[in-house]
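Novice: Letter 591 of the sequence shown, counting from 1, is numbered 591 in the UniProt record's numbering, and no numbers are missing. Every residue gets a Cβ at the ideal spot worked out from N, C-alpha and C, and that includes glycine. Supplied in structure tokens, the structure appears directly below.
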Amino acid sequence: MKGCDEGFHGSSCIEECTNGSYGYNCQDNCSSHCQESGICDRKTGHCLCEVGWKPEKCDAKCAGYTFGQNCSKPCGQCLNNEQCHHVDGNCTNGCDLGFYGINCAQECPWGWYGYNCNETCSYPCESNVTCNSRTGNCTRVEPLSDTVTPPTDNVPVIAGAVAALVIVIAVIVSIFVFKRLRTSVPKKDQSKQRRRDKSEMEENLYLNNDAAKQGFTNIYENTEPKDKPAAKRTTTPKTNSSSTAKKYDVKDDDEDEEGIENPYGDMYLNEETILDIPISELENIIAEKKKNEEDGFKREYAMLPHGEQYQCDAGKSPNNLAKNRFKTTFPYDHSRVVLRGNGEASSDYINANFISSTDSENQYIASQGPKQNTLNDFWTMIWQENVSQIVMLTNLKEGVKIKCTQYWSEEMNARLYGNIVIKNVEEKQYAFYIIRKLTVSLKEQNKSRVVTQHHYTTWPDHGTPDPLSLVVFHSHVMRTMTNRNKAPILVHCSAGIGRTGTYIALDALYKAGKASGKINVAEYVKIMRANRMNMVQTYEQYMTIFLALNEKFKAAVETRSLAEFTERAQSLAGDRPANQTVIRKEFEKLMKTRPEYTGTDYKMSRQHFADKKGQTILPLDKYSLYLTSSVAKRGNYINAIHVSSYQQNRAFIVTHYPTPEDAVDFLRLLNDHESDTVICMNPLHEIQSSKTWLPEVASSKDVPPFVVEHESESDTGVNVTTVNIIHGEETSHPVTVVEPKGPLKSNGTIKDTSCLRNLVSCALKLGEDTPITIVSKDGASLCGVFCAVFNSIQQIIMDDNIDVFTTVRQLQTRRPEFCSTQEEYSLVYSTLQDYIETTSENVYSNQ
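Written out as structure tokens, the structure is:
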């Protein structure tokens with residue numbers, strides 16, 4: 001006898017396999033990815049699989065470009081034809097050329113092409129068709145012959161002519177509308193607008209054409225919609241029942257698609273209690289939850305209650321349906337904001353809820369983004385609840401989707417919403433957000449308030465922001481809080497649940513953790529979801545709360561006055577050993593908080609640069625740049641990344657000096673990304689390879705398919721060379737190449753920072769309408785110093801304060817090798833100290 005049959009074991013083979021085993025003699029173990037973990041058919045091992053695992057034994061992840069339940073959904077067009085994520089279908093390294101969207105399944109819309117559809121076509125192509133969504137090239141159409149023999153029957157000719165005329169008119173109208181939307185900014189700002197369009201579709205494009213028309217200075221525009229009948233408020237929470245769970249068909253701007261609500265379905269109970277996390281253990285807890293493709297976060301998020309938990313009768317009232325932006329997102333009756341009447345027959349309804357903090361009620365208002373027909377209601381709520389701080393976490397338009405209606409005026413203009421006058425008195429543009437100061441007044445009454453809008457502009461559609469950038473934004477909000485009357489903070493995105501919940505959780509849990517030394521993210525999300533449905537919409541947003549809190553607790557964002565900074569910097573000049581100075585201790589802290597990336601973060605770059613000798617500093621995949629032009633036998637990858645300044649999200653391109661064989665790719669980089677300025681970290685006589693692409697005076701260089709012509713030279717504290725990159729007969733691109741007159745690092749005992757200051761000064765004068773390309777020997781040394789000094793000076797000019805630590809910390813998220821030595825970090829301090837001293841007489845005489 002050779003043992004027991006399938007499903008049995010024991011000496012007599014009469015005992016059935018216990019849960020967790022199957023097969024002959026029960027010697028095989030059930031997959032841990034069965035929906036009922038470890039339980040399967042005792043004979044075959046088959047079971048119902050978790051999402052993302054292959055049936056029928058659930059022992060392998062979805063492959064073959066499929067994902068989801070039973071691997072039944074096809075992947076989109078992932079970069080380099082990669083397999084998408086087996087659970088949610090996301091493309092880990094982004095979309096392939098010509099596609100965008102959460103799963104890279106949508107082809108670029110008309111007029112766009114390239115990676116993430118970030119590039120604009122040079123339209124119109126022949127026959128007024130859009131360009132190729134991958135290459136941006138126009139598809140050639142053979143022109144009609146001048147001599148065509150007419151057919152004997154004129155009817156087809158007439159019909160064809162009419163059809164052609166209709167098509168031409170439709171194309172012309174679409175081009176007119178597209179151009180009109182794209183040219184709603186003055187001509188002098190078009191280059192800056194063009195750059196925003198090309199660099200990030202998710203940045204605020206302000207393409208709401210109606211709003212653009214409504215800007216004015218000396219008159220008020222009444223945007224009041226028709227009044228709606230009032231609705232009653234339910235004051236006590238009632239659990240949702242089948243009668244109140246009815247879904248209504250609402251005409252909304254778009255579907256609410258932040259991502260997959262629960263990648264594991266409804267397989268977990270909501271009963272489990274999750275323990276508090278000591279702040280000191282937060283980083284270790286995050287590392288544990290990230291294991292096995294972030295499975296700890298996914299499972300914990302899946303335990304949270306979701307969907308409608310309480311009644312939403314007011315939101316489902318026929319009178320109010322048109323005021324909801326999305327079909328299934330309603331405010332709970334027991335916690336909704338009720339608008340008080342002003343004697344007119346108007347509704348008390350707005351899609352917004354009060355949200356509690358960890359220990360107090362009504363600390364926040366979570367609201368959907370206003371619609372055209374709710375603008376008056378939105379400002380009525382702000383006035384009624386005495387709101388002085390608005391946190392906006394969406395752009396008006398992201399990609400091709402309208403997310404929110406503009407509810408403020410352009411700078412120094414005013415608008416009227418009902419009986420409330422809004423004037424935009426100040427607007428400051430930062431790399432990741434915009435701060436607007438708005439005066440809010442009641443019409444014909446002597447009552448006025450100041451409301452500050454903090455507008456985060458770089459939250460990626462269907463994604464999550466860089467945690468440190470979100471922390472810097474949150475710190476700015478906290479630092480500028482002027483509200484003394486304990487009024488709630490108004491937070492909104494588009495639906496008012498996903499990004500809104502993420503931000504509120506960060507704020508509430510940071511305050512709680514600072515007071516108690518511990519946090520509980522899951523329990524607080526439950527508190528929020530008891531106030532408004534589905535707060536924190538995806539597990540990625542849930543994980544972002546942990547990551548942002550960890551960044552916040554590791555090192556606070558601390559801005560200093562210029563006097564405080566100068567005092568701190570003077571420790572560099574003291575007689576004490578370097579390791580005893582304040583700056584040394586600060587640098588050690590910086591190194592401890594520096595991000596630690598793994599091999600998977602460099603997956604694509606390692607694949608492309610495996611055969612490149614000497615390239616030890618590689619670009620992180622998520623910040624890599626691609627070449628979009630086509631050159632025979634050359635790929636589309638280059639060792640270059642985008643880096644932010646203090647004011648612009650994609651101000652710099654950082655790369656290394658090209659080798660002679662890669663000079664063509666360097667020129668492609670400048671052309672493809674419209675970089676008009678190259679700033680070198682070394683005098684170019686030290687860089688032999690520069691002779692490959694930079695011509696001598698009155699000469700040119702052939703770098704096929706380009707010709708680089710020398711135009712002019714000048715000397716203004718730095719050496720400036722202007723060249724023209726020519727491609728074909730019609731395309732030319734003027735580029736300014738700037739190099740220092742001497743080394744940026746001083747070798748002697750006297751630290752001379754003049755060469756570095758002159759280089760930064762030149763860059764500041766050039767502006768940031770197009771990205772500035774920063775080049776060094778390895779793409780890191782001195783590049784980080786330059787960017788840190790540049791960004792810090794922008795901060796001084798803009799806000800009259802400085803925070804070197806956070807500035808460098810943000811740069812290191814893009815490239816950890818930036819400012820990674822004590823020498824370079826000290827050089828940043830020395831240069832800024834010299835800058836402040838040399839400008840103090842004119843600018844800082846009052847310090």
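Considering only their Cβ atoms, is the gap separating TYR825 from THR587 smaller than 7 Å?
Specialist: Here residue 587 is Phe; the residue named in the question, Thr, does not match the sequence. For PHE587 and TYR825, yes; Cβs fall inside 7 Å.
Novice: Below 7 Å CB to CB, which residues in the same chain sit around PRO695 once its five sequence neighbours on both sides are set aside?
Specialist: For PRO695, where only same-chain residues beyond five positions count, the Cβ hits under 7 Å are LYS701, VAL708, GLU709, HIS710 and VAL723.
Novice: Quick one: give me the first and last residue of the beta strand (DSSP E) that LYS423 is part of.
Specialist: Counting along the chain, the beta strand (DSSP E) containing LYS423 begins and ends at 420–429.
Novice: Check for me: the beta strand (DSSP E) holding TYR626 runs from which residue to which?
Specialist: Run containing TYR626: 624–626, per the beta strand (DSSP E) assignment.
Novice: Based on Cα-Cα distance, which residue from SER31, THR598 and GLN822 lies nearest to LYS290?
Specialist: Among SER31, THR598 and GLN822, the Cα nearest to that of LYS290 is on THR598.
Novice: Within 10 Å of its beta-carbon, does HIS9 have 16 or more other beta-carbons around it, so buried, or fewer, so exposed?
Specialist: Buried is the call here.
Novice: For ILE420, which of TRP379, LYS745 and ILE545 has the nearest alpha-carbon?
Specialist: Of the listed residues, the one whose Cα sits closest to ILE420 is TRP379.
Novice: Apply the 10 Å Cβ neighbour rule to CYS84 and answer buried if 16 or more other Cβ atoms are within range, or exposed otherwise.
Specialist: By the neighbour-count rule (16 or more Cβ atoms within 10 Å), CYS84 is buried.
Novice: Between ALA556, GLN833 and GLU411, which has its C-alpha nearest ALA563's C-alpha?
Specialist: ALA563 has its Cα closest to that of GLN833, out of ALA556, GLN833 and GLU411.
Novice: I'd like to know if the stretch 626–634 and the stretch 662–670 are in contact, where contact means that at least 3 CB-CB pairs between them fall below 8 Å.
Specialist: Judged by Cβ distances under 8 Å, the stretch 626–634 makes contact with the stretch 662–670, as three or more pairs qualify.
Novice: Around the C-beta of THR457, are 16 or more other C-beta atoms found within 10 angstroms, so that it is buried, or is it exposed?
Specialist: With 16 or more other Cβ atoms within 10 Å, it is buried.
Novice: Going by DSSP, what residues sit across from ARG336 in a beta bridge?
Specialist: DSSP output for ARG336 lists ASN353 as bridge partner(s).
Novice: Whose CA, out of ILE434, LEU438 and ILE355, lies closest to the CA of ILE489?
Specialist: That would be ILE355, whose Cα lies nearest to the Cα of ILE489.
Novice: From TRP459 to GLU686, what distance separates their C-alpha atoms?
Specialist: If I take the Cα positions, the gap works out to 42 Å.
Novice: Taking ASP466 as the reference, give the member of ALA352, LYS526 and GLN812 with the closest Cα.
Specialist: Considering only alpha carbons, the answer is GLN812.
Novice: When you compare each of ASN292, MET591, PRO816 and LEU549 to LYS511 by their alpha carbons, which one comes out closest?
Specialist: Out of ASN292, MET591, PRO816 and LEU549, LEU549 has the C-alpha closest to the C-alpha of LYS511.
Novice: Candidates VAL391, GLY111 and VAL737: which alpha carbon is nearest LEU766's?
Specialist: Residue VAL737 is the option with its Cα nearest to LEU766.
Novice: Does the separation of the CB atoms of ILE641 and PRO619 fall below 7 Å?
Specialist: A contact, by the Cβ cut-off of 7 Å.
Novice: Taking the continuous alpha helix (DSSP H) assigned at ILE797, which residues delimit it?
Specialist: Where ILE797 is concerned, the enclosing alpha helix (DSSP H) stretches over 783–799.
Novice: Note down the Cα distance separating SER21 from PHE473, rounded to an integer number of angstroms.
Specialist: Rounded to whole angstroms, SER21 to PHE473 spans 52 Å at the Cα level.
Novice: Return the residue from the list ILE382, TYR113, GLY498 and GLU16 that minimises the CA-CA distance to SER629.
Specialist: Checked all of ILE382, TYR113, GLY498 and GLU16; the closest Cα to SER629 is TYR113.
Novice: Go to ARG436, then tell me how far its beta strand (DSSP E) extends in each direction, as first and last residue.
Specialist: Where ARG436 is concerned, the enclosing beta strand (DSSP E) stretches over 433–442.
Novice: Three Cβ pairs or more, each shorter than 8 Å: is that satisfied between the stretch 346–366 and the stretch 422–440?
Specialist: Because the criterion of three Cβ pairs below 8 Å is not met, the stretch 346–366 and the stretch 422–440 do not touch.
Novice: Taking 8 Å as the limit between beta carbons, can you name the residues of its chain near PRO743, skipping five residues before and five after?
Specialist: ASN682, PRO683 and CYS755.
Novice: Could you check what DSSP says for GLN607 in three-state terms: helix, strand or coil?
Specialist: Of the three classes helix, strand and coil, the one that applies to GLN607 here is helix, per DSSP.
Novice: Reducing DSSP to helix, strand and coil, say where GLU16 ends up.
Specialist: Correct three-state label for GLU16: strand.
Novice: Beta strand (DSSP E) containing TYR417: first to last residue?
Specialist: First-last of the beta strand (DSSP E) with TYR417: 414–417.
Novice: Run through DSSP, which three-state label would THR544 get?
Specialist: Note: THR544 maps to helix in three-state DSSP.
Novice: Looking at the C-beta of LYS298, does it have a partner C-beta in chain C at a distance below 7 Å?
Specialist: Judged by its chain identifiers, the structure shown contains no chain C, having just a single protein chain.
Novice: Am I right that LEU590 and ILE545 are in contact with their C-beta atoms under 8 Å? What's the rounded C-beta distance?
Specialist: Not really, about 24 Å apart at Cβ, beyond 8 Å.
Novice: Sort ASP348, ILE279, LEU670 and ARG299 by Cα distance to SER516 and report the nearest one.
Specialist: It is ILE279 whose Cα lies nearest to the Cα of SER516.
Novice: So GLY394 and SER494 are supposed to be a Cβ contact under 8 Å. How far apart are they, rounded?
Specialist: Note that residue 394 is Thr in the sequence shown here, rather than Gly. Right, their Cβ atoms sit about 5 Å apart.
Novice: Quick one: what's ASP28 bridged to in DSSP?
Specialist: ASP28 pairs with TYR22.
Novice: Output the distance between the C-alpha atoms of HIS733 and SER675, rounded to the nearest integer angstrom.
Specialist: The straight-line gap from Cα to Cα measures roughly 9 Å.
Novice: With DSSP as the reference, please indicate the residues paired to ASP834 in a beta bridge.
Specialist: For ASP834, which the question treats as bridged, DSSP gives no partner whatsoever.
Novice: Less than 7 Å separating the beta-carbons of GLY418 and ASP461?
Specialist: No, these two residues do not count as a Cβ contact at 7 Å.
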